[in-house]
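For the sequence shown, the numbering used here assigns the number 49 to the initial residue and increments by one for each residue that follows.
One structure below.
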Amino acid sequence: MSTISVQNIVGEIIARRPMLAHAFEAAGVDYCCGGKKTLEEACREKGVDPQAFADRLEQSEAASEGEPLVDAAAMSLTELADHVEHTHHAYLSSELPRLDALTEKVASVHGGEDARLHDVRKTLLSLAAEMTSHMMKEEQILFPMIRRLEASEALPKFHCGSITNPVRQMEMEHHDAGAALERMRTLTDDYTPPDWACNTYRVMLDALARLEHDMHQHVHKEDNVLFPRAAKLEAELVERAKV
49 MSTISVQNIV GEIIARRPML AHAFEAAGVD YCCGGKKTLE EACREKGVDP QAFADRLEQS
109 EAASEGEPLV DAAAMSLTEL ADHVEHTHHA YLSSELPRLD ALTEKVASVH GGEDARLHDV
169 RKTLLSLAAE MTSHMMKEEQ ILFPMIRRLE ASEALPKFHC GSITNPVRQM EMEHHDAGAA
229 LERMRTLTDD YTPPDWACNT YRVMLDALAR LEHDMHQHVH KEDNVLFPRA AKLEAELVER
289 AKV
């Protein structure tokens, strides 16, 4: 086990040690949209002691050794795009309609007891609409570009110019999605059910927590692994074309 430094880049930590994602989420430290920051910067933004958290990460890594994990960094660009599409996009496509029904039921039944439940539903509906459009753009435009880039010996010509243009847009949309997830966590007191919560309420909170975890993994794989590697490959092909 290698030492984790507070000066390590958060996205690189998770790229090498994806099993640590749960520790970041438990502490409220961002590793997906904020993946380009140092561990120290990410911790201080959330009021978390950086060195104490780094020590906790090392303990978590030691405890989780041997667990089967998806190694995004070891995949080809095509394999990783396929993985994101078949795993995370498929999850959202099935889970968002389920959460639509759950939030509607809980807000209609218990919204009088806690008005924040209506805000949870509004936030979820907005996130669902944005992610549906977002996934379509990735599946129909960006991912095919990435696959074509990896399969090419020479720099392909894309209608949008550099691949960094759609990547930049996707990263902005990821940031907005992250803000929506954080808002739902706040509105639900970190997904904590009140004493009077019915089973459907508790199921909704569990589903929201799982949604957050999956989306954090999803965004991390794209923002901190897939997109930087695609941009690097494009830059290499640009340089090769100059020779």
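No residue lacks a Cβ here, since even glycine has one placed at the ideal position from N, Cα and C.
If we count the other Cβ atoms within 10 Å of its Cβ and call it buried at 16 or more, is M49 buried or exposed?
As a first step, residue 49 must be located in the sequence shown, where it is residue number 1. At M49 the pLDDT is 44, less than 50, meaning the model places this residue with poor confidence and gives no usable figure here.
Taking only three categories from DSSP, how would you classify I57?
What you label residue 57 is simply residue 9 of the sequence shown in a count that begins at 1. Strand at I57.
Cα-Cα separation, T126 to A163
Reading the sequence shown from its first residue, position 78 is the one you call residue 126. Reading the sequence shown from its first residue, position 115 is the one you call residue 163. C-alpha separation (whole angstroms): 45 Å.
Does M49 come out as helix, strand or coil in the three-state DSSP assignment?
Indexing the sequence shown from 1 puts residue 49 at position 1. Because M49 sits at a pLDDT of 44, beneath the cut-off of 50, its placement in the model cannot be relied upon, and the point is left open.
Taking its Cβ as the centre, do 16 or more other Cβ atoms sit within 10 Å of V286, making it buried, or is it exposed?
Here residue 286 is taken as the residue at index 238 of the sequence shown, counted from 1. Flag for V286 reads exposed.
Please give the ranges of any alpha helix (DSSP H) in the region 119 to 143, keeping only runs that are unbroken, at least 4 residues long and fully inside the region.
125 to 131
Secondary structure at T240, three-state DSSP: helix, strand or coil?
Working through the sequence shown from its first residue, we reach residue 240 at position 192. T240: coil per DSSP, three-state reduction.
Is the beta carbon of E143 sitting closer than 8 Å to the one on R169?
Here the question's residue 143 lines up with position 95 in the sequence shown. Here the question's residue 169 lines up with position 121 in the sequence shown. Contact: no.
So that I know if they touch, is there some Cβ in chain C lying closer than 8 Å to that of H131?
Note that chain C does not occur in the displayed structure, where there is just one protein chain.
Use the C-beta contact count for D103: other C-beta atoms within 10 angstroms, 16 or more gives buried, fewer gives exposed.
As a first step, residue 103 is located in the sequence shown; it is residue number 55 there, counting from the start. D103 is exposed by the Cβ-count criterion.
Expressed to the nearest angstrom, what Euclidean distance is found between the alpha-carbon atoms of G226 and A63?
The sequence position of residue 226 within the sequence shown is 178, counting from 1. The sequence position of residue 63 within the sequence shown is 15, counting from 1. Straight-line Cα distance between these residues: approximately 18 Å.
May I have the straight-line CA-CA distance separating A176 from K290, to the nearest angstrom?
On the sequence shown, residue 176 is found 128 positions in, with the first residue counted as 1. On the sequence shown, residue 290 is found 242 positions in, with the first residue counted as 1. C-alpha separation (whole angstroms): 44 Å.
Just the C-alpha distance for T234 and R146, rounded to the nearest angstrom, thanks.
Residue mapping note: residue 234 aligns to position 186 of the sequence shown, counting from 1. Residue mapping note: residue 146 aligns to position 98 of the sequence shown, counting from 1. Answer to the nearest angstrom: the Cα atoms are 21 Å apart.
Ignoring anything shorter than 4 residues or poking outside the region 199 to 238, list the alpha helix (DSSP H) runs there in chain order.
212 to 235
When you compare only the Cα positions, how much space is there between E88 and S108?
Within the sequence shown, residue 88 is the residue found at index 40, counting from 1. Within the sequence shown, residue 108 is the residue found at index 60, counting from 1. Each residue's Cα considered, the two are about 18 Å apart.
Do the region 80 to 100 and the region 266 to 273 meet, that is, are 3 or more Cβ pairs less than 8 Å apart?
yes
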